[in-house]
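S.K.: Going left to right, the sequence shown walks through residues 398 to 593 as my numbering numbers them. C-beta: ideal position from N, C-alpha, C; glycine also.
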Amino acid sequence: MDFFDYNIPGQKDSMYSKIYSGLLSSDTLRFDYAYAQYNSVNIDSLIVKISTDGGLTFPTEVFRKGGLALATAPQTTGFFYPLNNSQWRSFKFSLSGVVGVNGLSENLPSGYKLMQNYPNPFNPSTKIKYEIPVNSNVTIKIYDVKGSIVDIPVNKKQNAGVYEIEFRANDLSSGVYFYQLITEGFTETKKMMLIR
């Protein structure tokens, strides 16, 4: 958004990220930001809130800064583009206080399921969505038509939930590929096509 020419006093803009399921209390939220204040009158703020009920409410505020406290570079009256890494800041927040059982078990999958990738055919990336009803060791493998493994984008223990990954086929040639969901006692394979 062009905030340079966008000057409505008191305007609030919101940005929502996707719902992340399968988070552990040991996980950390991290984001990077860069900001240069335009002048001492027009002061922007950045507020980050977390929802534990799928986005119905956002009761937990984890970050709030504005004006010079938010600034990562000197004031500028032109467009601001971070010139180097020193004009960026990182914020990390432990999810230990907000991750846990939320009473929404009716929203958990009732069985294992591997969905058809989208888009299909694709170039250069596609999304693969899958569901696991219980905490499981999960592996997603990508095979070529010869049966050779070309990538393993997921290979870890995951909590029950719905997951979506983005598979990027940057180094692969056009053709048919297969992706496979493997857990304890369940395996499913689907076909996808890469078109260059």
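#1: Helix or strand or just coil, what does DSSP make of residue 511?
#2: With DSSP collapsed to three states, give me the class of residue 465.
#3: Within this structure, are the beta carbons of residue 554 and residue 520 separated by less than 9 Å?
#4: From the DSSP secondary-structure annotation, give me the bridge partner or partners of residue 443.
#5: Hey, would you say residue 457 sits closer than 9 Å to residue 444, going by beta carbons?
#6: Excluding the 5 residues flanking residue 588 on each side, which residues of the same chain have their C-beta closer than 7 Å to its C-beta?
#7: Considering Cα atoms alone, identify which of 550, 518, 479, 563 is closest to residue 525.
#8: Per the DSSP calculation, residue 540 is bridged to which residue(s)?
#9: When DSSP builds the beta bridges, which residues end up paired with residue 591?
#10: How about residue 547: is its C-beta nearer than 9 Å to some C-beta of chain C?
#11: By Cβ distance below 7 Å, which residues in the same chain neighbour residue 498 in space, the five residues on each side in sequence not counted?
#12: Quick one: give me the first and last residue of the beta strand (DSSP E) that residue 487 is part of.
#13: On the DSSP bridge assignment, give the partners of residue 552 in chain order.
#14: Enumerate in chain order the residues of its own chain whose CB-to-CB distance from residue 585 is below 8 Å, with the five nearest sequence positions on each side excluded.
#15: Counting along the chain, where does the beta strand (DSSP E) carrying residue 561 start and finish?
#16: Relative to the C-alpha of residue 522, which residue among 480, 561, 464 is closest?
M.R.: In short, the structure shows the following:
#1: strand
#2: helix
#3: no
#4: 462
#5: no
#6: 573, 575
#7: 563
#8: 546, 575
#9: 519, 572
#10: The question asks about chain C, but that chain is absent: this structure has only one protein chain.
#11: At residue 498 the pLDDT is 44, less than 50, meaning the model places this residue with poor confidence and gives no usable figure here.
#12: 486-491
#13: 536
#14: 509, 510, 511, 577, 578
#15: 558-565
#16: 561
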